[in-house]
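There are 2 protein chains.
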Amino acid sequence: MSLPHAILIALLERPSSGLELTRRFDRSIGYFWSATHQQIYRELGKLEAEGHIRALPAQQPARGQKKRYEVLPAGRAELGRWTAASQDPKPHRDAMLLRLRAAAVVGTAGLEADLRRHLDLHRLQLAEYQEIEKRDFPPGNDSAQARLQHLVLRAGIELETFWTQWLAEALAELPDAQPPVADDRP
Amino acid sequence: MSLPHAILIALLERPSSGLELTRRFDRSIGYFWSATHQQIYRELGKLEAEGHIRALPAQQPARGQKKRYEVLPAGRAELGRWTAASQDPKPHRDAMLLRLRAAAVVGTAGLEADLRRHLDLHRLQLAEYQEIEKRDFPPGNDSAQARLQHLVLRAGIELETFWTQWLAEALAELPDAQPPVADDRP
DNA sequence: GGTTCTTGTGCAACTAGTTGCATAATCCGT
DNA sequence: ACGGATTATGCAACTAGTTGCACAAGAACC
Numbered sequence: 001m002s003l004p005h006a007i008l009i010a011l012l013e014r015p016s017s018g019l020e021l022t023r024r025f026d027r028s029i030g031y032f033w034s035a036t037h038q039q040i041y042r043e044l045g046k047l048e049a050e051g052h053i054r055a056l057p058a059q060q061p062a063r064g065q066k067k068r069y070e071v072l073p074a075g076r077a078e079l080g081r082w083t084a085a086s087q088d089p090k091p092h093r094d095a096m097l098l099r100l101r102a103a104a105v106v107g108t109a110g111l112e113a114d115l116r117r118h119l120d121l122h123r124l125q126l127a128e129y130q131e132i133e134k135r136d137f138p139p140g141n142d143s144a145q146a147r148l149q150h151l152v153l154r155a156g157i158e159l160e161t162f163w164t165q166w167l168a169e170a171l172a173e174l175p176d177a178q179p180p181v182a183d184d185r186p
Numbered sequence: 001m002s003l004p005h006a007i008l009i010a011l012l013e014r015p016s017s018g019l020e021l022t023r024r025f026d027r028s029i030g031y032f033w034s035a036t037h038q039q040i041y042r043e044l045g046k047l048e049a050e051g052h053i054r055a056l057p058a059q060q061p062a063r064g065q066k067k068r069y070e071v072l073p074a075g076r077a078e079l080g081r082w083t084a085a086s087q088d089p090k091p092h093r094d095a096m097l098l099r100l101r102a103a104a105v106v107g108t109a110g111l112e113a114d115l116r117r118h119l120d121l122h123r124l125q126l127a128e129y130q131e132i133e134k135r136d137f138p139p140g141n142d143s144a145q146a147r148l149q150h151l152v153l154r155a156g157i158e159l160e161t162f163w164t165q166w167l168a169e170a171l172a173e174l175p176d177a178q179p180p181v182a183d184d185r186p
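The structure is reproduced here in structure tokens:
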């Protein structure tokens, strides 16, 4: 039940319209809490009804018109409450690990292509994170806020690093597969 | 849509009743695909209706009676098909990362206790994985099946290792928190 | 020999997330 | 000005997962 809170964070960082939020969920926020535009619009409606956000006054509040939202004090309070509240870690579900375990029983036939594809996807994501790190977190900026944001980004970097290494190992385990192409970026 | 396949894997590894499956989902399989007993019973019903599994003939098929299931050829075929099919990686959602990002905006007050609690939980899980590794994968066993299973377990170990390190770093970032107690197991 | 505890099975309702489509406004070439 | 592409907003139906409870059978209590 965290989508509303993800939206509150995004809106606190910058008031936005539904579409702008959607774009930002495709980038930064979405890296660890993804959402589609349909979910976002639905949630914006609820958050407005609850008095946590409000639409900035616009010319005509009609369909197909941009509507920008900002967070109200009640919304900021709710976010603070949620952040501090104790929450159990959600159980993971990872289909690729499951498929490897299935492969131990029914064989590895047909797995190689998808392992390779996932490896490429994770390498791409890792490169994107490293790009962001270079751009937004040059050494020397040590404000508390920047350090926290950097910490979150580093989680992304380290997780993607893990997956690229693990998938490369998995490919090496396949009986008749070529070893994965080395990642020869600098 | 992978719960039915997780169940097929478990049943191929060993035919079981609903409750036995539930227990195994609390341990091994559940480490990367969790499920409650309600989900499992529902899915067993569907899998039986589809002809993927069948109940081993029992004395009285009454309520409150153990019923053991085994996988039929159609079920094994379906699992093979699913394992080889291309699947997009699911977008991640991690509430703790989201909370840290929220903390960058609304402050870190109240976070410390839960960070510490999660750190303990991950350390516990890591210890459990390492125990399993020591018990089930002594050096020298290099059958293809064992290597694949070990690979999956190592993913769990490395992910938990990452989280314990990351959470310790996060605690170190909190303004007025003590550093996390060192993990002084051997 | 009734009571309560534990084990095993299951339904129903709810919540969160996904997929597919609908609609309005605006921009842009002709 | 007209007609199609793009931008922006949104509803509805579906799927997957969670929560809460119900009920039957046997064990164990005493």
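As you go down the protein sequences, you meet chains H and G in turn. The first sequence begins at 1 in UniProt numbering and counts up one residue at a time. The second sequence begins at 1 in UniProt numbering and counts up one residue at a time. We put the beta carbon where it would ideally sit given N, CA and C, even for glycine.
Three-state secondary structure (DSSP) at residue i?
i, result
"Gly18/H", "helix"
"Gln123/H", "It is Arg, not Gln, that sits at residue 123/H in the sequence shown. The answer is helix: DSSP assigns Arg123/H an H, G or I state."
"Gln23/H", "Looking at the sequence provided, one finds Arg at residue 23/H rather than Gln. Note: Arg23/H maps to helix in three-state DSSP."
"Asp142/G", "coil"
"Thr161/G", "helix"
"Leu131/H", "The sequence shown places Glu at residue 131/H, not Leu. Glu131/H: helix per DSSP, three-state reduction."
"Gly156/G", "helix"
"Gly45/G", "helix"
"Pro4/H", "helix"
"Thr83/G", "helix"
"Asp88/G", "coil"
"Ala109/H", "coil"
"Ala62/G", "In this prediction, Ala62/G scores a pLDDT of 44, lower than 50, which makes its location untrustworthy; no coordinate-derived value is stated."
"Leu115/H", "helix"
"Leu148/G", "helix"
"Glu50/G", "coil"
"Leu174/H", "coil"
"Leu11/G", "helix"
Thinking C-alpha only, which one of the options is nearest residue i?
i, options, result
"Pro175/H", "Pro175/G, Pro138/G, Gln145/G, Gln165/G", "Gln145/G"
"Gly18/G", "Pro91/G, Tyr69/G, Arg93/G, Phe32/G", "Tyr69/G"
"Thr108/G", "Glu20/H, Glu50/H, Gly80/H, Glu131/H", "Gly80/H"
"Ala127/H", "Arg147/H, Thr83/H, Ser143/H, Arg154/H", "Arg154/H"
"Ile132/G", "Glu13/G, Arg54/G, Ala104/G, Leu151/G", "Leu151/G"
"Pro4/G", "Gly110/G, Tyr129/G, Gly75/G", "Gly75/G"
"Arg117/H", "Asp88/G, Pro15/G, Ile9/G", "Asp88/G"
"Ile148/G", "Glu158/H, Leu97/H, Pro139/H", "The sequence given here places Leu at residue 148/G; Ile does not occur at that position. When only C-alpha atoms are compared, the closest one is Leu97/H."
"Leu100/H", "Ala10/H, Leu171/H, Leu12/H", "Leu171/H"
"Glu48/G", "Ile7/G, His37/G, Ala35/G", "Ile7/G"
"Glu158/G", "Asp26/G, Arg14/G, Thr22/G, Tyr129/G", "Tyr129/G"
"Leu111/H", "Arg24/H, Ala168/H, His37/H", "Ala168/H"
"Gln125/G", "Arg27/G, Arg54/G, Gly140/G, Arg23/G", "Arg27/G"
"Gly156/H", "Ala35/H, Ala103/H, Ile29/H, Ser143/H", "Ile29/H"
"Glu173/G", "Ala103/G, Lys134/G, Asp136/G, Leu121/G", "Ala103/G"
"Lys66/H", "Leu56/H, Pro138/H, Leu72/H", "Leu56/H"
"Gly51/G", "Ala35/G, Arg135/G, Pro73/G", "Pro73/G"
"Leu121/H", "Gln38/G, Gly45/G, Lys90/G, His37/G", "Lys90/G"
"Trp82/G", "Trp82/H, Ala95/H, Thr83/H", "Ala95/H"
Provide the residue(s) that pair with residue i in DSSP beta bridges, ordered along the chain.
i, result
"Glu69/G", "The question names Glu, but residue 69/G in the sequence shown is Tyr. Note: Tyr69/G sits in a beta bridge opposite Ser16/G, Ala55/G."
"Trp166/G", "Its beta-bridge partners do not exist; DSSP assigns none."
"Trp33/H", "Arg93/G"
Can you name the residues of chain G whose CB is closer than 7 angstroms to the CB of residue i?
i, result
"Glu169/H", "Leu151"
"Gln145/H", "Ala104"
"Leu148/H", "Leu100, Ala103, Ala104, Glu173"
"Ser34/H", "Pro91, Arg93"
"Ala155/H", "Leu97, Trp166"
What whole-angstrom Cβ distance do residue i and residue j have, given they're in contact under 8 angstroms?
i, j, result
"Leu119/G", "Thr164/G", "6 angstroms"
"Ser2/H", "Asp114/G", "14 angstroms between Cβ atoms; not a contact."
"Phe32/H", "Arg93/G", "7 angstroms"
"Glu13/G", "Val105/H", "7 angstroms"
"Ile40/G", "Leu21/G", "5 angstroms"
Could you name the residues of chain G that residue i contacts, counting a contact when the two beta carbons are closer than 9 angstroms?
i, result
"Ser2/H", "Arg93, Ala95, Leu98, Arg99"
"His5/H", "Ala95, Leu98, Arg99, Ala102"
"Arg27/H", "Residues of chain G passing the Cβ test: none, with the nearest at roughly 13 angstroms."
What does residue i touch in chain H if you count any residue whose Cβ is under 7 angstroms from its own?
i, result
"His118/G", "Pro89"
For residue i, go through chain H and note every residue whose CB falls closer than 9 angstroms to its CB, in chain order.
i, result
"Ile9/G", "Leu98, Arg101, Ala102, Ala104, Val105, Val106"
"Asp114/G", "Ala84, Ala85, Ser86, Gln87"
"Leu44/G", "Result: empty, since nearest Cβ-Cβ is about 17 angstroms, beyond 9 angstroms."
Measuring from the CB of residue i, is there a heavy atom of the ligand ZN at a distance below 7 angstroms?
i, result
"Arg42/G", "For the ligand ZN, the structure offers nothing, since it holds no ligand at all."
Whose Cβ in chain G lies nearer than 8 angstroms to the Cβ of residue i?
i, result
"Leu121/H", "Pro89"
"Ala109/H", "Gly80, Ala84"
"Arg76/H", "Val106"
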